[in-house]
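Here the protein sequences come in this chain order: A and B. So in the working numbering, spot 177 of the first sequence is number 177, and the numbers just go up one at a time. So in the working numbering, spot 78 of the second sequence is number 78, and the numbers just go up one at a time. First up is the structure itself, then whatever we jot down about it.
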Amino acid sequence: MIDPDEDLVRSAGAGDARAAEALVRRHLTKMVGVARRMLNDGAEAEDVAQEVFLRVWREAPRWKPGQAKFETWMHRVALNLCYDRLRRRREKTDPDAGVMVADSRPLASDEWLARQRAAKVQGALAALPERQRAAIALVHFDEMSNIAAAEILGISVEALESLLSRGRRALKAALADVAHDLMGGAERAP
Amino acid sequence: MTRKEETMDRERFVALLDAYGADFRRWPAEARAAAAAFAAQNADVEALLAEARGLDAVLGLVRDQGAPSGELTARILSRIPRTQRPAFDRRALFALAACAVFGVVLGYGGGLLAPTPTEDDVYFSMAFEAPSAFEDEG
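Here it is in structure tokens:
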């Protein structure tokens, strides 16, 4: 197994700040991205990404290549941090947690429509069970291979495909009107 | 290592379409070619593909989330530990060794090539060694 991060992790673990910076540049966007998909909250997602990298700095000196790809490990850490935050949200039962507040500023109608649609899609994703959401975040948005995504989630490829199917089915039902508009129905709208 | 190509039938095609959507690039690598061939030979799956494309397009609305804030990047970079001993760059080590060897060779070669001091040289070195005590007094 070839790990494209192996040299950088080894150097970062030995205190090479340039290697550590290269790891940030390479992975930060993905870490924030997966956390945003999971938490539907930009600020919380950035906190998660920061925590992931703090763990990277802590663990890099002890990293043993060959067991799992470093990126896989980072995704696992990010997802576990997200699961923790989601659990705390449920315990607090804060109804507003993770809910994107619609921007009330006046917008051009096209932009307003685009934002409304995006908010609806974000809401539907947020309503999925966590594991389905994670599977879709990894495969659909991060464009990971089925094998890599299954490894991150610690499940078989068959189980991953089951999560993806159920997730997409729920999204299809929740977003049928948006799909209809996008695929041509909008032309008939007033 | 070559991948074993997956054989495709309708049931498998529909199962993979349900899971991965209409873009075959997201499908398992070993199933892509068979899926494309199956779709080309079975026009009746076009309606299923179109439906999956619709959902893919909807999800595409939230694909672009923008780059992480510069403030976050700076915050993370500021936490890079700098207390550990820096990794020694092998190239720097090689350059240092090369300089040392070059210095030794240059010093030795320079010694061989340099003319032996004459009496005049010794005189001049004595002459400019230090300001004369008489100059101080003057």
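Idealized CB from N, CA, C, for every residue including glycine.
- Taking a contact as a CB-CB distance under 8 Å, the pair Lys120/A and Val157/A does not count as one, their CB atoms being some 31 Å apart.
- For Trp73/A, the uninterrupted alpha helix (DSSP H) segment begins and ends at Phe70 to Lys92.
- Around the beta carbon of Gln132/A, 16 or more other beta carbons sit within 10 angstroms, so the residue counts as buried.
- Contact between Asp56/B and Asp23/B holds, since their C-beta atoms are separated by about 6 Å, short of 8 Å.
- Between the stretch 127-141 of chain A and the stretch 168-183 of chain A, the count of Cβ pairs shorter than 8 Å is three or higher; the stretches touch.
- When the Cα atoms are used, Gly33/A and Gly42/A turn out to be separated by approximately 9 Å.
- Straight-line spacing of the CA atoms in Leu17/B and Glu46/B works out to 11 Å.
- DSSP, read as helix, strand or coil, puts Gln122/A in helix.
- The straight-line gap separating the alpha-carbon atoms of Leu175/A and Arg12/B is approximately 25 Å.
- By the Cβ test, the stretch 57-69 of chain B is not in contact with the stretch 32-44 of chain B, since fewer than three Cβ pairs between them sit closer than 8 Å.
- Leaving aside the five residues that flank Ile147/A on each side, the residues in its chain whose CB is nearer than 8 Å to its CB run, in chain order, Val157.
- Contact of Leu54/A with chain B is assigned, a C-beta pair being separated by under 9 Å.
- Of the residues Gln41/B, Ala52/B, Met8/B and Phe38/B, the one whose Cα lies closest to the Cα of Tyr20/B is Ala52/B.
- If you look at Arg25/B, you'll find it isn't in any alpha helix (DSSP H); DSSP assigns it neither H nor E.
- Within the same chain, and ignoring the five residues on either side of Leu28/A in sequence, the residues whose Cβ sits closer than 8 Å to its Cβ are Ala49 and Phe53.
- Going by DSSP, Trp57/A is part of the alpha helix (DSSP H) stretching over Gly42 to Glu59.
- The Cβ atoms of Glu111/A and Pro68/B lie no closer than 9 Å to each other.
- One thing to note: Leu163/A has its Cβ within 9 Å of the Cβ of Ala134/A.
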